[in-house]
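A short worksheet on the structure shown next.
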Amino acid sequence: MSLFGNGKGLGKGGGHGRNKGGSFGTGGYCVCAKCGEKVAHEQGVKCTNLKCPACGKTMIREELLNK
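Each residue of the sequence shown is one higher than the one before, counting from 438 in my numbering.
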């Protein structure tokens with residue numbers, strides 16, 4: 438009987454994380470998918486935590502809208 442299992446885990450840092458390992462950076466915009474309103478993205482603030490100033494719907498990152 439082995440104390441360490443069968444060794445098929447990813448180990449530390451073996452995952453790919455969000456956005457397939459990439460990030461969108463500090464610039465860019467948050468966009469409303471309903472009405473198209475754009476606001477500048479603020480570092481450290483997720484677009485999905487913002488509500489559209491025009492219609493009140495949840496904003497998303499511009500790069501995700503264009504996929």
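No residue lacks a Cβ here, since even glycine has one placed at the ideal position from N, Cα and C. Values in this document were obtained by computation on a predicted structure and should not be read as measured data.
Legend entry - Leu487 versus Ile497: straight-line alpha-carbon distance, rounded: 8 Å
Legend entry - Endpoints, alpha helix (DSSP H) assigned at Leu502: Glu499 to Leu502
Inset, instruction - Whole angstroms is fine: what's the gap from Thr485's alpha carbon to Lys471's? - result: 13 Å
Inset, instruction - Mind reading off the beta-carbon distance from Val468 to Lys475? Whole number of angstroms is fine, and I expect it under 8 Å. - result: 5 Å
Inset, instruction - Could you tell me whether the Cβ atoms of His478 and Gly493 are closer together than 8 Å? - result: no
Legend entry - Alpha-carbon to alpha-carbon, Gly473 and Phe489: Looking at the sequence itself, residue 489 is Cys, so the reference to Phe does not match. Cα to Cα, the separation comes out at about 9 Å.
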